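Numbering-wise (our numbering), the sequence shown opens with residue 75 and increments by one.
Beta carbons: idealized from backbone N, C-alpha and C, even for Gly.
Please read all numbers here as calculations on a predicted model, not as lab measurements.
What follows is one structure encoded as structure tokens, with my remarks underneath.
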Amino acid sequence: MCYKNGKDVLPAALLKELQKYIQGEIIYIPKEGNIRKGWGENNGTRKLIHNRNLEIYKIYKSGSTITRLTESYNLSEDSIRKIIFNMNNEILEK
């Protein structure tokens, strides 16, 4: 979130009206409909991890063991199992 000066971004009439309620303080104006992006959507991390998980799933399906995957991706066995389970469910839903 970045700070903007009201006189630079608001019409004069609106600024004058807002000054009746608040002056010289910071006010947060939420996005319309309170729409928020999910974790990792702005910087591409979500997509990167999804692609990595899909790769893990495909390698597992082609015959690799969970132990090999834990070594290759530096993840725990539980994490690898969870990724395989979730990717399998995602693929079945499509």
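In this structure, GLY112 keeps its C-beta atom at 8 Å or more from the C-beta atom of ILE123. Across the structure, SER150 and LEU84 are spaced so that their CA atoms are roughly 52 Å apart. In the three-state reduction of the DSSP assignment, GLY98 falls in the coil class, being assigned neither a helical nor a strand state. The C-alpha of ASN116 is placed about 29 Å away from the C-alpha of GLU99. Between ILE154 and ILE140, the CB-CB gap stays under 8 Å.
For LEU89, the enclosing alpha helix (DSSP H) starts and ends at 86-93. For secondary structure counted as the beta strand (DSSP E) over 3 or more consecutive residues, the region 114-161 holds no complete run. Its chain contains SER150, GLU151, ILE154 as the residues whose beta carbon lies nearer than 7 Å to that of THR144, once the 5 sequence neighbours on both sides are disregarded; these appear in chain order.
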